[in-house]
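Everything on this sheet refers to the single structure shown next.
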Amino acid sequence: MALKDKDGQVVATFSGKWIAISHTVMAYCAFVGALIVGLWLHYHKIVENEFYHYPDEWFPSVSATIGDRYPERSVFMLFIALTSGPRFALVGLWYVLTRRSNSSLPKFVAGVGIFRTLTCGGWTYVTSTDDHDWHDIFMISYLVATLPWTLGCLALSPRNPNALKYRKLFAGSFFATLVPLIYFFIQHKVHRVAGAYTIYAFFEWALVLLDVAFDAVTFIEFQNFEIVVKDNRGISRGSGNKTVSDALLEKEKGKEIGATFSGAFSVFGLIHAAADVYNGFVFWSMLTSLGVCVWYFPLWHMGISGYEALVMCTISPFLLGIKSIRYLVVRYVWFFHLLSLSGLLAFRAEHPVPRLFAVGFGLSMSCLAWAATFFAERSQPRRLEARISAFSIGLIASSIAKFAFWTNNPIWPIMHEANGGWNKTGLGVALVAILISTRSTASTGADLAAPGPATKGFSIFASFGLAGVLFSMHSLLSDSSTMISWVWEGYPVRGPLAVPHGAVTLLAMGVGLTIGLFAPSLSRSWAFYGVGSIGAAILTTRSHWSGYYGGLVLAIYTMAAAPVLITHAARHSPAKAFGLGFLVYNFMVLFHVWVVAYAFVPGGPLVRERTDWVMTAMMLQIGAGIFSVAAQSPAPKNYKGKAAVTAAASRQRSYYLYILAFLELLAIATAYLRFPSYDYTPYHPEEKSITAGIWTIHFSLDNDMWSSEYRMRDLIKELEVDVIGLLESDLQRIIMGNRDTTQFLAEDLGMYVDFGPGPNKHTWGSALLSKFPIVNSTHHLLPSPVGELAPAIEATIDAYGTLVDVFVFHSGQEEDPEDRRLQSLYLAERMKATPRPAILLSYLVIKPGEGNYNTYVGEASGMKDIDPSDWDRWCEYILFKGLKRTGYARVSRDSITDTELQVGKFVVDQPENGNDLIPEEQVPPGLRFPDLFKGYGVRGHRYHVFDEPRYYA
Numbered sequence: 001m002a003l004k005d006k007d008g009q010v011v012a013t014f015s016g017k018w019i020a021i022s023h024t025v026m027a028y029c030a031f032v033g034a035l036i037v038g039l040w041l042h043y044h045k046i047v048e049n050e051f052y053h054y055p056d057e058w059f060p061s062v063s064a065t066i067g068d069r070y071p072e073r074s075v076f077m078l079f080i081a082l083t084s085g086p087r088f089a090l091v092g093l094w095y096v097l098t099r100r101s102n103s104s105l106p107k108f109v110a111g112v113g114i115f116r117t118l119t120c121g122g123w124t125y126v127t128s129t130d131d132h133d134w135h136d137i138f139m140i141s142y143l144v145a146t147l148p149w150t151l152g153c154l155a156l157s158p159r160n161p162n163a164l165k166y167r168k169l170f171a172g173s174f175f176a177t178l179v180p181l182i183y184f185f186i187q188h189k190v191h192r193v194a195g196a197y198t199i200y201a202f203f204e205w206a207l208v209l210l211d212v213a214f215d216a217v218t219f220i221e222f223q224n225f226e227i228v229v230k231d232n233r234g235i236s237r238g239s240g241n242k243t244v245s246d247a248l249l250e251k252e253k254g255k256e257i258g259a260t261f262s263g264a265f266s267v268f269g270l271i272h273a274a275a276d277v278y279n280g281f282v283f284w285s286m287l288t289s290l291g292v293c294v295w296y297f298p299l300w301h302m303g304i305s306g307y308e309a310l311v312m313c314t315i316s317p318f319l320l321g322i323k324s325i326r327y328l329v330v331r332y333v334w335f336f337h338l339l340s341l342s343g344l345l346a347f348r349a350e351h352p353v354p355r356l357f358a359v360g361f362g363l364s365m366s367c368l369a370w371a372a373t374f375f376a377e378r379s380q381p382r383r384l385e386a387r388i389s390a391f392s393i394g395l396i397a398s399s400i401a402k403f404a405f406w407t408n409n410p411i412w413p414i415m416h417e418a419n420g421g422w423n424k425t426g427l428g429v430a431l432v433a434i435l436i437s438t439r440s441t442a443s444t445g446a447d448l449a450a451p452g453p454a455t456k457g458f459s460i461f462a463s464f465g466l467a468g469v470l471f472s473m474h475s476l477l478s479d480s481s482t483m484i485s486w487v488w489e490g491y492p493v494r495g496p497l498a499v500p501h502g503a504v505t506l507l508a509m510g511v512g513l514t515i516g517l518f519a520p521s522l523s524r525s526w527a528f529y530g531v532g533s534i535g536a537a538i539l540t541t542r543s544h545w546s547g548y549y550g551g552l553v554l555a556i557y558t559m560a561a562a563p564v565l566i567t568h569a570a571r572h573s574p575a576k577a578f579g580l581g582f583l584v585y586n587f588m589v590l591f592h593v594w595v596v597a598y599a600f601v602p603g604g605p606l607v608r609e610r611t612d613w614v615m616t617a618m619m620l621q622i623g624a625g626i627f628s629v630a631a632q633s634p635a636p637k638n639y640k641g642k643a644a645v646t647a648a649a650s651r652q653r654s655y656y657l658y659i660l661a662f663l664e665l666l667a668i669a670t671a672y673l674r675f676p677s678y679d680y681t682p683y684h685p686e687e688k689s690i691t692a693g694i695w696t697i698h699f700s701l702d703n704d705m706w707s708s709e710y711r712m713r714d715l716i717k718e719l720e721v722d723v724i725g726l727l728e729s730d731l732q733r734i735i736m737g738n739r740d741t742t743q744f745l746a747e748d749l750g751m752y753v754d755f756g757p758g759p760n761k762h763t764w765g766s767a768l769l770s771k772f773p774i775v776n777s778t779h780h781l782l783p784s785p786v787g788e789l790a791p792a793i794e795a796t797i798d799a800y801g802t803l804v805d806v807f808v809f810h811s812g813q814e815e816d817p818e819d820r821r822l823q824s825l826y827l828a829e830r831m832k833a834t835p836r837p838a839i840l841l842s843y844l845v846i847k848p849g850e851g852n853y854n855t856y857v858g859e860a861s862g863m864k865d866i867d868p869s870d871w872d873r874w875c876e877y878i879l880f881k882g883l884k885r886t887g888y889a890r891v892s893r894d895s896i897t898d899t900e901l902q903v904g905k906f907v908v909d910q911p912e913n914g915n916d917l918i919p920e921e922q923v924p925p926g927l928r929f930p931d932l933f934k935g936y937g938v939r940g941h942r943y944h945v946f947d948e949p950r951y952y953a
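Rendered as structure tokens:
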């Protein structure tokens with residue numbers, strides 16, 4: 001019978017606490033029930049992983065427990081389905097409990113809660129067996145949404161001491177558990193430590209239990225609800241229900257942080273901020289693309305080509321020294337931003353020269369427009385801060401895009417649809433973003449002065465500071481793996497990896513920018529400058545984790561100093577501050593290249609191998625900027641007009657921070673999705689064969705100035721290469737785009753990778769990719785008293801249980817015979833010293849049978865030539881010892897690079913053989929080269945010189 005009260009009819013009533021109880025019980029039944037059934041029926045199967053089984057591993061992970069096996073999978077799915085109803089009700093009641101008329105945060109948190117519920121259903125009902133990619137997408141989305149859900153619930157939590165205590169306990173434990181979870185996962189996946197996955201599994205289960213427990217705390221508040229649906233105590237109407245975030249905002253009233261996250265949320269404000277950030281992303285995309293486009297020309301001319309002059313396109317802000325031009329640019333800044341899109345449209349040019357000029361023109365217009373924007377907004381500090389935020393977050397967005405696309409920016413002019421480019425999409429979004437965010441500036445053409453005291457300090461020092469911070473941002477932070485490559489020293493792993501630790505670099509950048517926005521007094525201090533200088537020194541001089549920690553400190557400092565230095569530069573003449581700043585920055589770029597390109601440029605030997613000078617100059621320039629900032633008196637706390645705009649301006653800042661937080665979560669998700677599987681297998685394990693290759697890849701730019709990773713990947717895969725040495729492979733410099741081709745090749749081909757020596761060792765690079773685990777590796781800088789440094793990798797791989805040494809080596813140039821002689825003696829000694837079977841994959845610059853050839857081949861090294869009769873060689877050679885050589889082939893390059901791919905086949909655990917050739921019919925199928933490249937071949941790749949592979953008895 002229906003009940004009645006003074007407000008109307010009530011069909012039924014029950015306490016809101018049952019929503020929390022039912023959600024908790026159903027969720028725990030899903031996981032614990034599946035665990036019990038799995039341990040009972042399939043114990044040995046669910047504790048087994050790709051490396052170990054019982055008794056080395058004795059407790060299952062969550063994914064193994066709730067996976068594809070029947071009936072535990074069905075138990076889990078049943079209870080998770082039953083959890084969905086209480087879950088939606090829990091999110092709804094939480095919104096009713098926490099909603100307030102003056103804040104949009106409760107709506108945002110409720111939206112996140114619904115999103116988490118939907119994505120939970122996604123990874124539950126789409127298993128990795130069904131569709132691995134979508135399973136991971138749903139899982140990552142769920143985990144990423146956990147952070148804003150947890151923080152949002154903490155901020156909105158009613159001031160109940162018990163509830164707040166438990167929420168902090170469970171949330172703190174949850175995030176603290178992530179640290180050992182990641183550690184033991186890496187111990188299992190990378191280092192293959194027996195038992196590590198079992199420990200990882202315990203932390204994984206702890207995350208599940210803590211996640212559910214955090215939501216179970218709603219029991220405390222929900223017991224004050226009676227589901228009628230009616231609120232008997234008025235707790236949802238704001239009376240007597242002050243939240244933690246309310247208390248914080250009251251405490252912080254008038255302060256920056258409190259004002260930032262108060263006030264009504266505007267979708268249009270967020271869209272405007274996103275468009276602003278995308279414009280910053282476009283600027284950094286064009287700036288980072290210029291170097292790699294310019295590099296193409298001296299690379300193919302083997303010397304100065306004349307096109308290098310295009311690096312000076314960035315000094316266009318000098319034009320702002322002309323008053324009439326300054327007026328036009330400031331008043332119609334949107335038009336110049338539109339002109340800059342030629343840099344994105346450049347991909348439509350098939351030939352390198354017009355593509356380079358399109359990029360140069362676009363970047364010159366972008367530099368002009370951004371300098372004018374900073375100058376024009378200087379009269380409105382909050383608007384200026386928004387533009388600087390967009391500029392800085394644009395760099396982070398560019399780095400994240402490169403992180404997601406294996407160090408290539410998808411809208412670069414060296415990208416197109418065939419090699420993974422998103423050029424059309426990027427151009428379309430850029431057009432919309434410009435129309436949204438650059439319609440006007442604060443001055444509308446007038447030269448309005450910055451508020452506060454008169455501008456002090458020297459403009460030349462301000463320009464030096466701008467140049468230093470721009471160079472630091474570009475050279476070290478435009479790719480998340482650059483500083484990691486500086487500190488990498490080979491196997492075993494003793495430092496960070498590009499994946500997943502690139503996300504840590506990106507997080508450090510975000511932290512630094514936040515410091516710069518909220519603590520400008522700290523950013524402009526000499527003490528913080530000293531800390532940043534120490535970080536730069538540690539990065540330059542140390543390796544492994546200690547060097548990387550120095551790099552993180554420098555990343556934080558650079559991003560924190562950027563807002564202060566750009567703001568101060570905007571107070572001065574735009575031509576002097578930004579024009580001269582970009583000019584000095586350009587000289588730093590050349591200095592940064594000269595230290596390794598000294599053999600090909602005028603005056604190069606004077607700065608040979610002086611990266612320490614580059615870093616010192618960079619920090620001195622930033623110091624000059626700090627000196628100029630220190631001379632400027634801080635603006636008064638309450639200058640005229642500030643009070644009227646503080647609330648709106650602070651809300652505006654919050655939009656940029658929301659975007660920054662989203663981008664950082666995207667970086668974390670990318671790190672998870674890109675984490676390598678480390679379950680690689682060679683192509684023909686039944687034959688115990690090793691197919692080894694050597695290729696000089698010309699810095700991953702093909703003959704038409706397109707990025708060549710995809711084409712390289714296809715050829716390596718189709719030739720079934722197990723181990724390959726890549727030369728001219730160090731791209732971690734401004735002039736090469738701060739890229740790393742090996743990341744894409746290793747992940748796509750399923751190979752372990754070692755690159756080195758690093759970019760701070762001043763070589764053109766060498767790299768080793770292997771289907772076999774790399775047990776140990778050492779990086780060598782061979783004697784080079786006159787010419788360019790010769791890099792080498794000496795690695796030991798585990799091939800079918802046999803340790804085999806692989807040497808990857810690039811010798812000096814033809815112009816330096818003494819260098820090459822000393823290098824041959826050094827490398828021969830290293831090869832002779834190893835008692836293990838060995839393969840040399842090399843670039844030697846000799847003719848067969850002449851000169852240094854007899855040092856590399858013969859008694860001095862103990863190595864044999866893969867084919868002594870092949871007289872038509874000059875650069876690439878494959879040598880070996882202690883292995884049976886079964887085949888050798890030379891494959892044409894088409895237009896990928898300027899050098900062919902040479903490959904050899906070997907069999908381990910069999911004695912060396914002679915040079916007798918046999919027909920292909922006598923060779924086991926697993927030891928034959930693919931027929932695909934016979935005759936005319938495919939895509940311009942064919943067996944050439946011999947017109948077919950050679951096989952040996």
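Using UniProt numbering, read the sequence shown as starting at 1 and increasing by one per residue. The beta-carbon is built from N, C-alpha and C at its ideal position, and this holds for glycine as well.
- Within the stretch 881–943, there are no complete alpha helix (DSSP H) runs of at least 4 residues.
- Annotation: Tyr327 to Ala569 spans about 19 angstroms, alpha carbon to alpha carbon.
- Taking the CA atoms as reference points, Val907 sits about 37 angstroms from Asp816.
- For His501, the three-state secondary structure derived from DSSP is helix.
- Remark: C-beta atoms of Ile626 and Arg524 approach each other more closely than 8 angstroms.
- Under the three-state reduction of DSSP, Asp479 is assigned to coil, being neither helix nor strand.
- Nearest neighbour of Phe174 by Cα position, chosen from His188, Gly195 and Leu147, turns out to be Leu147.
- Runs of beta strand (DSSP E) with 3 or more residues, each lying fully within the stretch 652–719, are found at 689–696, listed in chain order.
- Distance between Asp894 and Asn703, taken at the CA atoms: about 9 angstroms.
- Assigned with DSSP and collapsed to three states, Glu50 falls in coil, not helix or strand.
- For Leu782, the enclosing beta strand (DSSP E) starts and ends at Ile774 to Leu782.
- A direct Cα-to-Cα measurement between Ser63 and Ser480 gives close to 30 angstroms.
- Apart from sequence neighbours up to five positions away, no residue of its chain approaches Pro602 with a beta-carbon distance below 7 angstroms.
- Straight through space, the alpha carbons of Glu687 and Ser861 are spaced by roughly 28 angstroms.
- Excluding residues up to 5 positions away in sequence, Phe170 lie with their Cβ nearer than 7 angstroms to the Cβ of Ala213 in the same chain.
- Burial is judged here by how many other beta carbons sit within 10 angstroms of a residue's own beta carbon; Ser811 has at least 16 and is buried.
- The three-state reading of DSSP puts His191 in coil, since its state is none of H, G, I, E or B.
- Relative to Phe268, the option among Ala176, Ser677, Ile436 and Ser478 whose CA is nearest is Ile436.
- When the beta-carbon positions are compared, Leu552 and Thr616 stay at least 8 angstroms from each other.
- When beta bridges are read from the DSSP output, Met863 appears opposite Gly858.
- According to DSSP, residue pairing for Leu726 in a beta bridge involves Trp695 and Ala767.
- Considering only Leu90, His762 and Glu747, the residue with the shortest C-alpha distance to Ile220 is Leu90.
- Rounded to whole angstroms, Trp874 and Pro848 show a C-alpha spacing of 8 angstroms.
- Between Asp819 and Pro785, the beta carbon gap of about 6 angstroms places them in contact (Cβ cut-off 8 angstroms).
- Beyond the five residues adjoining it in sequence on each side, Val190 comes within less than 7 angstroms, by CB distance, of Val493 and Tyr678 in the same chain, given in chain order.
- Annotated as distal: Tyr548 and Gly532, with beta-carbon spacing of 8 angstroms or more.
- DSSP, reduced to helix, strand and coil, places Asp133 within a helical segment of the structure shown.
- Excluding residues up to 5 positions away in sequence, Ser485, Trp486 and Trp488 lie with their Cβ nearer than 6 angstroms to the Cβ of Gly758 in the same chain.
- Take the alpha-carbon of Lys717 and the one of Leu727: they are about 18 angstroms apart.
- Membership of Pro86 in the alpha helix (DSSP H) is indicated by the continuous run Glu72 to Thr98.
- Put simply, the stretch 573–585 does not touch the stretch 709–724. Fewer than three CB pairs are less than 8 angstroms apart.
- The straight-line gap separating the alpha-carbon atoms of Arg382 and Gln652 is approximately 8 angstroms.
- Pro71 and Val37 have their C-alpha atoms some 7 angstroms from each other.
- Between Leu883 and Arg116, the alpha-carbon positions lie close to 55 angstroms from each other.
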